[in-house]
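In what follows, a structure is listed as C-alpha cells, so that the remarks can point back to it.
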Amino acid sequence: MQDSYREIFLSESQEYLDNMNGCLVKLEENPRDLNSLNEIFRCTHTMKGMSATMGYDKIAQISHQMEDLLDELRGQKKFVTSHIIDILFAGVDLLEKLLQEVRLNQESKTDISACMEALKNLLREEIPPEPSAAKGIETGKSPLSALGEVKFTETELLKFKKAKENGFNVFNIQVTLSENCPMKEARAFLVITNLKRRGEILAALPSLEALKEGKFDRSFLIILAVKEKSEILRQELMGVSEVDNVQVSPAEIKPQASSIPEPAHPQETAPEPSAAATPSGGTGSAGAQTEQPSSYLKKIQSIRIPVQRLDKIMNFMGELAISKIRLVQVVQSLKIQELEEISFTLDHLTSALQNEIMQTRLLPVAYILDNFTRVVRDLARRKNKEIDLEIIGSEIELDRVVLDEIGDPLIHLLRNSIDHGLEAPEERKSKGKNPKGKISIQVTRQKGHISIEVADDGRGVDFAAVGRKAVEKGLIPEQEASNLDVKRVLEILTMPGFSTAKEITDTSGRGVGLDVVKVKIESLGGRLDFETKIGLGTKFLLTLPLTLAIIKAMLVKVRQEILAVPLMNIRETIKVRPEEIKMVQHFEVINVRDEVIPVIRMEKELGISSNDEQDTGGPHEAVSLVIIEYEKKALALLVNQIIGEQDIVVKPLPSFVKKTKGIAGATILGNGRVALILDIMSLKN
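815 is the number that my numbering gives the last residue of the sequence shown; the numbers go up by one with no jumps.
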C-alpha cells in the first residue's frame with residue numbers, strides 16, 4: 131500500500147512543480163498576477179502537507195519555507211522582485227532534485243541548508259510597503275483611498291509619459307458601486323466602455339480582466355488619459371446605475387528604483403473562497419473544505435494509469451489484433467455464415483477496444499511544452515537577451531512514447547534559436563527590430579501525423595558562413611561552398627561535430643545539437659525540415675507519426691517477401707507497363723501526370739533474391755508501383771504485388787539488425803509470418 135501512495139505522491143508532486151514553474155514565469159512577467167501567486171501558494175501548501183505525511187522531511191521543510199515567503203507576498207508585507215523570483219525558482223529546482231531521489235528510492239544526500247537560509251533571509255528582510263503600493267482591500271470594507279497611487283509597470287509608465295507629452299490629462303478615477311450591487315461585472319463593464327469612448331485606459335486595479343469577471347468587491351480604480359476635465363467625467367459616471375460614488379483626482383508618477391519591480395497589487399478585493407489558505411503553521415481547515423470539491427472533480431475526470439500497466443495492455447492488444455486478423459482470414463476461406471457473423475462482431479469490438487486503448491496512450495503536447503517557458507527564461511537570462519515564447523496548439527495529443535522522445539530535440543532547437551538565431555537587444559534595435567526577440571512553437575495535426583514548427587525572428591542562417599565553416603572542417607569541397615541550397619545547408623548543419631559558434635559555452639559550440647535532433651526525429655519515423663531568411667529568422671519543422679504502436683499500412687510483395695509500407699507516406703498505387711519506366715542520367719524514372727518520379731526496385735534495394743521465377747511475370751506484364759511522398763517530393767517503389775491495407779502492430783527490431791537500411795521495424799501477420807516495415811526516410815536518401 132505504501133508503494134501505491136508513493137506513486138500517487140510522485141505523480142501529483144510533479145504536476146505541482148510543473149504548475150509552479152509556469153506560474154512563476156507568469157508572475158515574473160506580471161507581478162500583479164494574483165491568480166498565479168495564489169496558484170503557486172496552493173501548490174506549495176499542498177506539497178508541504180503531502181510530504182510531511184509521507185515522511186519526506188526535506189521536501190516538507192523547503193515547501194514550508196517557500197509557503198511562508200509566498201504568504202508574505204499575498205499579504206503584501208513584501209513585493210515581488212526579480213531576486214525573490216530567482217530564490218523561488220531555486221526552491222522549485224531543489225524540490226525537483228529531492229523528488230528524483232524519492233523516485234529512485236535513494237536516501238537523500240541533497241544539502242538544503244543554502245536554499246533554506248536564502249528563504250529565511252528574505253523573510254527577515256524588512257521591506258516596508260511603498261506609499262504608492264496597494265495596501266489591499268482585504269475585506270472589501272476599507273475605503274478605496276487606501277490604494278493611494280498605482281505604481282506603473284514599464285509599459286504603463288511609457289504610456290503615461292506619452293499621454294502627458296501629448297497634452298492629455300491623466301486622472302485616477304475611483305469608482306464605488308452600491309451595497310449588494312447585482313451583476314457588478316456588468317456595471318464595471320459599462321464604466322470601462324464609457325471611459326474607453328472618452329480616452330485611453332492606462333491601468334486598472336484590479337486588472338481589466340478581473341473587473342470584467344466580477345473579481346472585486348465594491349470599489350475599483352481606473353487610470354485614464356483624456357482631454358476632458360474631471361468634473362465632466364464624474365458627472366458621466368454617476369449616471370451609470372448602481373454607481374454609488376466617483377472620485378477623480380490627478381494621477382502622478384513617483385520616482386521608482388529600477389532595480390525593484392512593481393509591487394504585486396491584488397486583482398481582487400477579497401480572496402475567493404477556493405483560493406483561501408490559512409497562514410503557515412495553521413491547520414487550514416477552512417481552506418481544505420473549499421478545495422475538496424474541485425479536487426474530487428479532477429479525480430473523477432482523470433484517472434492515473436501506471437506506464438508499465440499501459441504497456442502490458444498494449445502488448446495484449448497487439449496479440450489480440452494478430453489473432454483477430456488470423457481468424458478473419460480463416461473465416462473468409464471457409465465461408466461459414468455463423469462464423470462470419472462472429473468474426474464481424476469480434477472485428478468491430480476489437481477495433482473499438484484498440485481505438486480506446488490507443489487514446490489512453492495519448493497525452494497533450496503541453497505535457498512537455500509547458501516546461502519550456504522556464505527553459506527559455508533561464509537561457510535568455512544567461513545570454514542577456516529578451517525573449518518572448520509563444521506556444522500554439524499545445525492541446526493536440528501525441529503518443530506518450532513519441533512525446534517522451536521529442537523533449538530533448540525541441541530543447542536543442544530552442545537553444546539553437548537563443549544562441550545563434552536571436553540577436554542581442556542592442557543589435558536588434560540597430561536593425562529596427564523589437565529589442566525583445568520572439569520564438570514560437572506551433573503544433574498542428576494532419577492526416578496520420580503532427581507537425582511541430584519551431585521559429586524565431588532572428589538573424590537567419592548565413593549560407594556563406596555555413597559554407598566557409600564546412601570547407602574549413604573538410605566537410606565539403608571549396609567549389610560547392612558558393613552554391614548551397616536550403617536542403618544542402620540542412621545536411622551540413624546536421625552533420626556530427628558541425629558548429630558555427632565562435633566560442634564554446636555551456637549551451638553551444640561543441641558540435642552536438644542538430645545532428646542529435648535529426649537522428650532522434652528520424653528514429654521515430656519522422657523528418658526534419660528547415661527554412662530561413664537572412665534578417666527575418668529561421669524555422670525548423672518536425673513531422674512525426676501520431677503513434678508508434680498500431681499503424682495502418684499497405685502490404686506489398688517483393689518476390690516471396692511481404693513488406694509493410696506506412697499508409698501515411700503513400701500518395702497512391704498504380705500499375706504501369708515495364709516499357710513506361712525510362713532511364714534518365716543513370717536513374718530509372720516514371721512519368722505520372724507530367725510529374726517525373728524516380729523509381730526504386732525494392733528487390734534490388736533490399737537485396738532480396740529468389741530462385742523462384744513465378745513472381746517476376748513476363749517482360750510485358752504490368753508492374754505495381756507504390757508512390758510515396760516525402761518533403762513535398764515523390765518516389766515510386768516497384769513491387770511484384772500489392773496485397774492491400776491492414777492495421778499492423780509495430781514490433782521493434784532486435785539490436786543486431788536495428789540499423790538495417792530501409793527497415794524501420796517488423797510486424798506479425800495473421801498467418802504467423804513476419805513482415806518487415808519499410809523506413810521511408812532512409813529509402814529517400
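Where is the CB? At the ideal position from N, CA and C, for every residue including glycine.
{"query": "So, are the CB atoms of T503 and V726 less than 8 Å apart?", "result": "no"}
{"query": "Relative to the C-alpha of L332, which residue among V356, I582, A248 is closest?", "result": "V356"}
{"query": "Using the C-alpha atoms, what's the distance from A190 back to I242?", "result": "11 Å"}
{"query": "Residues bridged to E527 by DSSP?", "result": "P494"}
{"query": "For L821, does the three-state DSSP call read helix, strand or coil?", "result": "Outside the shown range of the chain, which is 131 to 815, sits residue 821, and nothing can be said about it."}
{"query": "Do you know offhand how far A318's Cα is from A381's?", "result": "20 Å"}
{"query": "For the pair the segment 203 to 213 and the segment 178 to 187, tell me if three or more CB-CB distances fall below 8 Å.", "result": "no"}
{"query": "Kindly indicate the opening and closing residues of the alpha helix (DSSP H) around D198.", "result": "187 to 204"}
{"query": "Since F209 sits in a beta bridge, which residues does DSSP pair it with?", "result": "For F209, which the question treats as bridged, DSSP gives no partner whatsoever."}
{"query": "Does the count of Cβ pairs from the segment 526 to 537 and the segment 545 to 565 closer than 8 Å reach three?", "result": "no"}
{"query": "Pick out whichever of E309, S337, N699, T323 has its Cα sitting closest to the Cα of N375.", "result": "E309"}
{"query": "Inspect the beta-carbon positions of T490 and I526 and report whether they are closer than 8 Å.", "result": "no"}
{"query": "Excluding sequence positions up to five away, which residues of its chain have a Cβ less than 7 Å from the Cβ of E169?", "result": "N149, C153"}
{"query": "Within its chain, find whatever has a CB closer than 8 Å to the CB of E255; leave out the 5 residues flanking it on each side and keep chain order.", "result": "K208"}
{"query": "May I ask you to report which of helix, strand or coil DSSP gives E710?", "result": "helix"}
{"query": "State the start and end residues of the unbroken beta strand (DSSP E) segment that holds Q377.", "result": "373 to 380"}
{"query": "Can you grab the Cα-Cα spacing for the pair I443 / V495, in whole Å?", "result": "23 Å"}
{"query": "Can you say whether D549 is buried or exposed, counting buried as having 16 or more other CB atoms within 10 angstroms of its CB?", "result": "buried"}
{"query": "For a test of the three-state rule: what should DSSP assign to K648, helix, strand or coil?", "result": "helix"}
{"query": "Do you know how far the Cα of A316 is from the Cα of E421?", "result": "Note that E421 scores 36 on pLDDT, short of 50, meaning its location in the model is unreliable; the coordinates nonetheless yield the value given after this. Roughly 28 Å separates the two Cα atoms."}
{"query": "Flag E733 as yes when its Cβ comes closer than 7 Å to any non-hydrogen atom of the ligand SAH, and as no otherwise.", "result": "Only the bare structure without any ligand can be found here, which leaves the ligand SAH out of the picture."}
{"query": "State the start and end residues of the unbroken beta strand (DSSP E) segment that holds I798.", "result": "793 to 798"}
{"query": "Just verifying my parser: in three-state terms, what is the DSSP assignment at S581?", "result": "strand"}
{"query": "In this structure, what does DSSP give as the bridge partners for P608?", "result": "It should be noted that the sequence gives Glu, not Pro, for residue 608. None, per the DSSP bridge assignment."}
{"query": "Considering only their Cβ atoms, is the gap separating T673 from H579 smaller than 8 Å?", "result": "yes"}
{"query": "Pull up the distance between the alpha-carbon of A600 and that of V804, whole angstroms please.", "result": "43 Å"}
{"query": "When the Cα atoms are used, what is the spatial distance from D347 to L199?", "result": "26 Å"}
{"query": "Of the residues K314, N296, A683, V688, which one's Cα is nearest the Cα of N699?", "result": "A683"}
{"query": "Thinking just about the alpha-carbon of each residue, which of D809, E759, L783 is nearest to the one in I798?", "result": "L783"}
{"query": "DSSP beta-bridge partners for D659?", "result": "L671"}
{"query": "Please report the distance separating the alpha-carbon of R689 from that of Q771.", "result": "9 Å"}
{"query": "Could you check where the beta strand (DSSP E) with Q304 kicks off and where it finishes?", "result": "299 to 307"}
{"query": "Could you check the C-alpha separation between D615 and E718 for me, to the nearest Å?", "result": "25 Å"}
{"query": "At what residue ranges does the segment 501 to 563 contain a whole run of the alpha helix (DSSP H), taking only runs of 4 or more?", "result": "502 to 512, 530 to 546, 555 to 560"}
{"query": "Does V232 come out as helix, strand or coil in the three-state DSSP assignment?", "result": "helix"}
{"query": "Thinking C-alpha only, which one of I455, L224, K239 is nearest M246?", "result": "L224"}
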